[in-house]
Amino acid sequence: MASNKPSINKIVQAYNLLVRHIDDDARTGDALRAYGGAIRSAKGALVEGIAKNIIEIAWVNIGGKMHRLSFEKQPILVPIRQSYIDQIKDAEIKAYIQKNIRNYVYKFKTDVHVNIDRKLIAGVECKAYAENAMLKRIAVDSVFLKQTHKEAHNVLLQLESQLGGDYGDMKKTKHYGSFPTHTILSYFDDVDLHIITLLEGERKVDRPIHKKKFYKKLEKGSVEKAVGVFEELFANYL
495 MASNKPSINK IVQAYNLLVR HIDDDARTGD ALRAYGGAIR SAKGALVEGI
545 AKNIIEIAWV NIGGKMHRLS FEKQPILVPI RQSYIDQIKD AEIKAYIQKN
595 IRNYVYKFKT DVHVNIDRKL IAGVECKAYA ENAMLKRIAV DSVFLKQTHK
645 EAHNVLLQLE SQLGGDYGDM KKTKHYGSFP THTILSYFDD VDLHIITLLE
695 GERKVDRPIH KKKFYKKLEK GSVEKAVGVF EELFANYL
């Protein structure tokens with residue numbers, strides 16, 4: 495009987511099989527006008543699945559027990575900041591907010607919540623690609639996560655990078671990033687965002703990887719590097 499246990503080879507095989515057929519499957523949908531949405535949905539589900547498998551492999555590799563790991567995703571409740579209320583000049587508005595302060599929360603989730611012993615220890619954003627406008631939103635969510643889970647890690651796992659710099663250079667063991675990405679992150683003091691890229695090369699808008707002629711193969715070494723990042727992040731939770 496074949497094992498359902500995730501492995502790096504299975505991740506590579508699944509990606510290489512699925513991405514080759516995403517375009518075909520999307521075109522056989524009921525409405526061709528939904529084609530773009532079908533592509534985005536398929537890629538999103540693929541990256542989340544890859545992320546969870548990488549996390550499971552990393553956890554087991556360092557000796558973690560699977561029953562301690564879960565991906566349960568409860569909304570994260572971010573409360574209103576008292577310092578914001580204090581600076582409101584209109585006394586009536588300020589009093590109204592104070593009276594109803596329990597209602598002033600913002601609810602959000604990341605794509606994958608990593609829990610050890612039911613404690614949220616990492617939020618992972620899973621993207622087919624990320625560019626710097628998207629990174630701003632990811633950075634804001636990372637700040638919110640830190641407000642409620644101060645020790646939680648923030649991770650961006652992307653198939654391709656559109657951030658500029660060397661994020662898409664899979665030959666490198668250390669990435670220096672890009673000028674705009676580091677500049678954006680410099681305005682978010684509490685954010686230590688781990689950026690993981692799986693596919694070689696900068697994303698080209700006119701060369702989508704679900705098209706057969708622009709297809710990019712997922713290499714085993716890229717997945718191994720991603721596993722290594724999570725192994726380091728999880729080391730203190732054994």
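Count the sequence shown with my numbering and you get residues 495 to 732, in order.
Idealized CB from N, CA, C, for every residue including glycine.
| query | result |
| --- | --- |
| Residue range of the alpha helix (DSSP H) that includes residue 715 | 714-728 |
| Span of the beta strand (DSSP E) around residue 691 | 687-691 |
| Backbone secondary structure at residue 570 - three-state DSSP | strand |
| Inter-stretch contact (C-beta, 8 Å, three-pair minimum) for the region 572-583 and the region 610-620 | no |
| For residue 699, three-class secondary structure by DSSP | coil |
| Assigned secondary structure, residue 623 (DSSP; H/G/I helix, E/B strand, else coil) | strand |
| Proximity of residue 569 and residue 593 at Cβ, strictly below 7 Å | no |
| CA-to-CA distance, residue 544 to residue 552, given in whole angstroms | 12 Å |
| Alpha carbon of residue 481 to alpha carbon of residue 541, nearest angstrom | Residue numbering for the chain in the displayed model covers 495 to 732; residue 481 lies beyond these limits and cannot be assessed. |
| Selection from 498, 586, 511 that minimises the alpha carbon distance to residue 711 | 511 |
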